[in-house]
Structures are given as structure tokens and as C-alpha cells.
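With this note's numbering, you'll find the sequence shown wraps up at 1742, consecutive numbering, no jumps.
Read through the structure below, which is laid out as C-alpha cells, and then see the notes.
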Amino acid sequence: MKFANDFLFGAATAAYQVEGAWNQDGKGMSNWDEFTKIPGKTFNGTNGDVAADHYNRYKEDIALMAEMGLESYRFSISWPRIFPNGDDEINPKGIEFYNNLIDECLKHGIVPFVTLYHWDLPLTLEKEGGWLNKKTGEAFVNYAKTCFEAFGDRVKNFITFNETVVFCGSGYLAGAHPPGIQNDVKKYFQAIHNVFYAHACAVLEYKKLDLFGEIGLSNVFSPAFPVTDGHEDTLAAIHANEYGTHWFYDPILHGKYPEYVIKRLEKNGYLPDWTTGELKTLAKAAPLNDFMGLNYYQPIRVEKISGEVEKIEITRENSTGSPGNPSFDGYYRSVKMDDKRYTKWDWEISPEGFLEGLEMLKDRYGQIKLYITENGLGDEDPIIDGVICDIPRIKFIEEHLKSVKEAVKRGIHIKGYYAWSAIDLLSWLNGYKKQYGFIYIDHKNNLERKKKMSFHWYKNIIETRGKEL
Ligand code: BG6
């Protein structure tokens, strides 16, 4: 079987991770520009000041993507490049840059797939309370509308937010992302709701403009499976899916939060401060979502914690995605299993879990349109005789694309696949050490671009529409 001609083979990046040019051409400071300069906050003190310098070298990068045969490029817009202070004056140079980037994609026949928020919040807004302040949501809607009006004639796919669970979890539970707050469950749930309300408002604004494009949101997708088929572990998996998946997908696709979690939050005093109007807006926007983006890296294997609730201290060190931690409420723990495969960063490699998870989503949400907006392997790629031999990445993507193929065969409505990442970039918690790209960036040699083995492999997959997988 080949993938259909309208299935998009793509790859993705995010502004802070690739652009660099952190203070060029009138860009304002973001929360990340500040956070990464605080000693001890990032891996080896790395930051995105220069990153891959994509801002200045986008033409070269897009040309390479075109050579790879990429059909679509998912990138994010840096909000403080458009609104240096978050909400008042527009920076024309910011608009110009994204116009150029979009036009460059189109020149090469690459479909631009745009994320509006991939975690770099204008610093002024962070200082005023960030996602805990409802004004940030209003500013987001204004920024989103500005982008729809400026780019919506050529951009036909907008993602509002990337991985709410990650930036809110890392920002308010683990303290690993800005604003660096630890273990504040109440704030975590409040920030999530404020983000989802802003998403719903942005969807409504988009639809008013009649731009004949599509809008959605990208969630991380980590389906939970019990480590045994015993009753307790089964309960643990149900609990983990309610908190980790349904809490994030229901408000977007069903227009309301799951009762299972609401009841528990009410009991513990963690229920967000929301208004009836906000909840109605979620319900109104839900049927207008055109697609859901899934970022899949790994599933989560869980076991129930019995007896005393463990003391939960979530930190940057233990929040980088490897198993072994209790959930914030002490109900379950994630487990590294002997019979599973793991990456160097202890992320489970499970194309089977991907497929099973997709079936779970279909059961709950029906035939929604899906894009796999991220999937890939973080690794330290060996260079042998000048060749970047990222064979494990090829294997990883091949296995996961096979799952996508099988899912499509089973009637799951997947319309595209975006490998993470198009080019090597800054990993938020692992600096430049952890590579994901098809294109290597030589940090010792003027950021020179080099094609990895996976570059040639992916090119062939695209050309043959996955027939050989
Ligand atoms: C996703 C993010 O969570 O995972 C990306 O959307 C990120 O921005 C990717 O880079 C991989 O995570 P990490 O920690 O390995 O860089």
C-alpha cells in the first residue's frame, strides 16, 4: 500500500529551537530568552540565542528541505517577533520574516503548517502572570488574529498551541520551563484552562474570517497502559488516561472537561477558576476544530501506588520524560519495563503502543481528522568517515510510519506525518546534545548544514509514498 497523494509527508521545528536571532530586527524578549540565562536552569547553560540561525539561513534550509522532497514544513511563529511587548505595537520586520519564510516554502511547493504558540511567550506577559493571567489569553487571541490576517491567505493550516501538558506541567509542576514554578497543582490546572479558553476564542476568530483553511491544536499523545492486567494497574491506566489524555483532548474535541477528573479536582480544591461563559465558549468552538495534531514519542506504562501516598517532588532532573516517577497526585507511577526498548534518554520505543493508542482515540473521539505533528528519535548521531550515520533514527521513523500506515488501513483518518525534526535544533532540556534532525548542524564549523543518512532515506520514502515501508 502507498500513502494517498493528499497525505502530507513533512517535518517540524519550533521558533526558539531553531531561529536564533534572539534580539535581531526588533524582536522582543521571550520568557525563554530570560529563563535560559538563569544559572542552572538549562542543560549545560545552553540557550537559543543563535540555535541553528534559521532566521538568517532559512533560504538554505528550505532549499534542503525541498531537495529532500518534503511536502510540508511545520514551523512556529515567535510571538515576541510579531508583538515585541506581547500586545501593542506590531513589529513589521517580524511580519516580513514570516512572509518571506512562507513564500520561500511555497516557491518550493512546500505546504507551510504553522504553530502559533510553541512556548516562547513575550516576556512582558510572563511578568504579568503568564498563563495564570487571563489577559495573556486575550493577548494571544489578538496575536492569533494578526497572524490569520497577515498569513492566512497562504497558510491553510494553523495550530494554536503545542503540547499544553508539557509547557504547563514543566512550568508549574516541575519548574523546568518558565516560569519555573514547582509542585503547584492549582496553578497547573488554571494555566491549562486559560490556554484552552484562548484556543477556543482563537478558533472562533479564525472562522469569522472565512479564510478557507483549517485550524486545530497539537497535543502530546502518551497513551497509558497498565504494567499488569491486574485490577489495580488497570485502574492506574484509566486514571492516567483521564488526567493525561482526556483532560487535554475532551475540551478541544468534546467541548467539555471529563467528569472523572472534575470530581477529583473539586474534592482537592484544584478546580480552575472558570466562568460559565468560558465553558460555553469551549463547547461552541469544539465542533469548529478541523483537526487534532498528535505529537507521539512514547506511551506510558503505569502501576498503581498502593498504601501511603508518596511524597511527590517533581524536578527538572526527573521530568525529562524517562519513566520511574509517581504522578503528581501519588495515584500511580510510571515504570521502565525489562521487556521494552528504550532510547538513550530512556524514552520507550513503541510503534505498537502508537497504534494501540490511535485505536483508543478512535474509540473515544470517533473519526476525527488527525495529523501526526511530531514523532522522532532523540539521539547522539555517530559520524563515521564524514557520514552522519543516524541509522537508529531511520529505524525509528520507519517503524512508526508503518504504524501510521496500518492505522490508515484500519480507517483512522490520518492526513499527514511530521517527523521531529527537520533540522538539528535546541532540545529544551538537553541542549544541542540530543539530535533529532534529518539535517545536521555543525556547531564547530560555522553551523554548516550536512545531510544525514536519514535525509536520503526519507527522500526515498516520500518519492515512493511509503510503498517500501
Ligand atoms: C516535544 C516538543 O515535546 O518534544 C519539542 O514539542 C521537543 O519542542 C520534543 O523538542 C523533544 O523533546 P526533547 O526534550 O527531547 O527535546
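Every residue gets a Cβ at the ideal spot worked out from N, C-alpha and C, and that includes glycine.
Residue i - containing alpha helix (DSSP H), residue span
| i | result |
| --- | --- |
| K1529 | Note, K1529: premise wrong, no alpha helix (DSSP H); not H, not E. |
| Y1605 | Unbroken run through Y1605 is the beta strand (DSSP E), Y1605 to S1607; no alpha helix (DSSP H). |
| M1726 | M1726 to E1736 |
| L1674 | I1664 to K1682 |
Contact set for residue i: own chain, Cβ-Cβ below 6 Å, skip 5 residues either direction
| i | result |
| --- | --- |
| M1565 | G1489, I1641 and L1643 |
| Q1455 | G1448 |
beta-carbon residue i near the ligand BG6 non-hydrogen atom, thresh 7 Å
| i | result |
| --- | --- |
| T1309 | no |
| E1590 | no |
| W1730 | no |
| E1436 | yes |
| G1489 | no |
| V1468 | no |
| L1314 | The residue asked about is misnamed: residue 1314 is Lys in this sequence, not Leu. The answer is no for K1314. |
| W1305 | no |
| E1265 | The chain is shown from 1274 up to 1742; residue 1265 falls before or after that span and cannot be answered. |
| K1642 | no |
| K1707 | yes |
| T1518 | no |
| A1287 | yes |
| Q1290 | yes |
| S1257 | The structure shown does not extend to residue 1257, since the chain is modelled only from 1274 through 1742, so no value can be given for it. |
| T1593 | yes |
| W1693 | yes |
| G1566 | no |
| N1598 | no |
| G1651 | yes |
| V1387 | no |
| N1320 | no |
Unbroken beta strand (DSSP E) run spanning residue i, endpoints
| i | result |
| --- | --- |
| I1573 | I1573 to K1577 |
| W1693 | I1687 to W1693 |
| Y1713 | I1712 to D1715 |
| T1388 | V1384 to Y1390 |
| G1283 | L1281 to A1285 |
Anticipated Cβ contact below 8 Å, residue i with residue j, distance rounded
| i | j | result |
| --- | --- | --- |
| T1409 | L1398 | 5 Å |
| H1381 | A1287 | Between A1287 and H1381 the Cβ distance is about 20 Å, and since that is not below 8 Å, they are no contact. |
| E1551 | P1531 | The pair is not a contact, with the Cβ atoms about 17 Å apart (cut-off 8 Å). |
| V1476 | L1561 | 5 Å |
| L1389 | Y1470 | With 8 Å as the limit, L1389 and Y1470 do not qualify as a contact, their Cβ atoms being about 15 Å apart. |
Backbone secondary structure at residue i - three-state DSSP
| i | result |
| --- | --- |
| S1592 | helix |
| Q1297 | coil |
| S1491 | strand |
| M1274 | coil |
| R1427 | coil |
| Y1644 | strand |
| E1344 | coil |
Own chain, CB closer than 8 Å to residue i, minus 5 neighbours either side, in chain order
| i | result |
| --- | --- |
| W1620 | Y1570, Q1571, G1594, S1595 and G1651 |
Proximity test, Cβ basis, 8 Å: residue i and chain C
| i | result |
| --- | --- |
| K1706 | Absence of chain C from the displayed structure is noted, only one protein chain being present. |
Nonlocal neighbours in the same chain, by C-beta distance under 7 Å from residue i, ignoring five residues either side
| i | result |
| --- | --- |
| D1322 | G1293 and W1295 |
| F1308 | K1314, P1451 and G1453 |
Proximity test, residue i beta-carbon vs the ligand FMN heavy atom, cut-off 7 Å
| i | result |
| --- | --- |
| T1409 | In the structure on display, the ligand FMN does not appear, and the ligands it does have are the ligand BG6. |
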